[in-house]
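If you read the sequence shown in the working numbering, its first letter stands for residue 64, the second for the next number, and so on.
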Amino acid sequence: KIFDKLNAAMHPEFEDEKPLNPFDLWEGANFKLKIRKVEGYQNYDKSEFDTSGSLLADDDALESVWNKEHPLQPFLARSEFKTYDQLKARFYKVLGLDGSTPKPTTTAEDEEASAPSHKSRAAVAAAALTTATDVGEDDEDSMSFFQKLANE
Numbered sequence: 064k065i066f067d068k069l070n071a072a073m074h075p076e077f078e079d080e081k082p083l084n085p086f087d088l089w090e091g092a093n094f095k096l097k098i099r100k101v102e103g104y105q106n107y108d109k110s111e112f113d114t115s116g117s118l119l120a121d122d123d124a125l126e127s128v129w130n131k132e133h134p135l136q137p138f139l140a141r142s143e144f145k146t147y148d149q150l151k152a153r154f155y156k157v158l159g160l161d162g163s164t165p166k167p168t169t170t171a172e173d174e175e176a177s178a179p180s181h182k183s184r185a186a187v188a189a190a191a192l193t194t195a196t197d198v199g200e201d202d203e204d205s206m207s208f209f210q211k212l213a214n215e
């Protein structure tokens, strides 16, 4: 939710709204974090940006804040991330596979569905007729059961 609020401020949906860079030391804005409990979970929908303006009135104070920032580039270096092969090996290890391409498992239902049916049209029609009469008998049995209950 907070990321959406940041994006909405930096890239407004409507033309009459002025884009805001909340990270700018001179024309940025403070973020008012408002946390509510909604259905037992924390919700940030009411959070908003304050009016834009300078973080501090004095340029020397702004420079001291800027000098206290920590660089983030060391965290984004390639050495901080694992290669695809390392991730793949770990994934297969966790799944208990040996690293080869996993074979899809087949079930009895898959085999039945893939097996061709060689029934003749007469056999299919007879099966449909048997099913239809079974349903009719079930309806009659149900009706007689309910009739007995009504008579008691």
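Beta carbons: idealized from backbone N, C-alpha and C, even for Gly.
Membership of Lys68 in the alpha helix (DSSP H) is indicated by the continuous run 65 to 73. Around Lys100, the same chain offers Asn106 as residues with beta carbons nearer than 8 Å, after the five sequence neighbours per side are excluded. In the structure shown, Glu111 falls within a strand segment according to DSSP collapsed to helix, strand and coil.
In this structure, DSSP gives Phe209 a helical state, which the three-state scheme calls helix.
In the structure shown, Lys100 falls within a strand segment according to DSSP collapsed to helix, strand and coil. Gln149 is bridged by DSSP to nothing; it lacks a bridge partner.
Looking at Gly103, Ala72, His133, Tyr104, the one whose alpha-carbon comes closest to that of Ala92 is Ala72. One Cα belongs to Ser117, the other to Pro137, and the distance between them is close to 29 Å.
In its chain, beyond the 5 residues on either side, Ala92, Asn93, Phe94, Lys95 have a beta carbon closer than 8 Å to the beta carbon of Asp113.
Per DSSP, the beta bridge partners of Asn106 are Arg99.
The C-beta distance from Leu69 to Pro82 rounds to 12 Å, too long to meet the 8 Å contact threshold.
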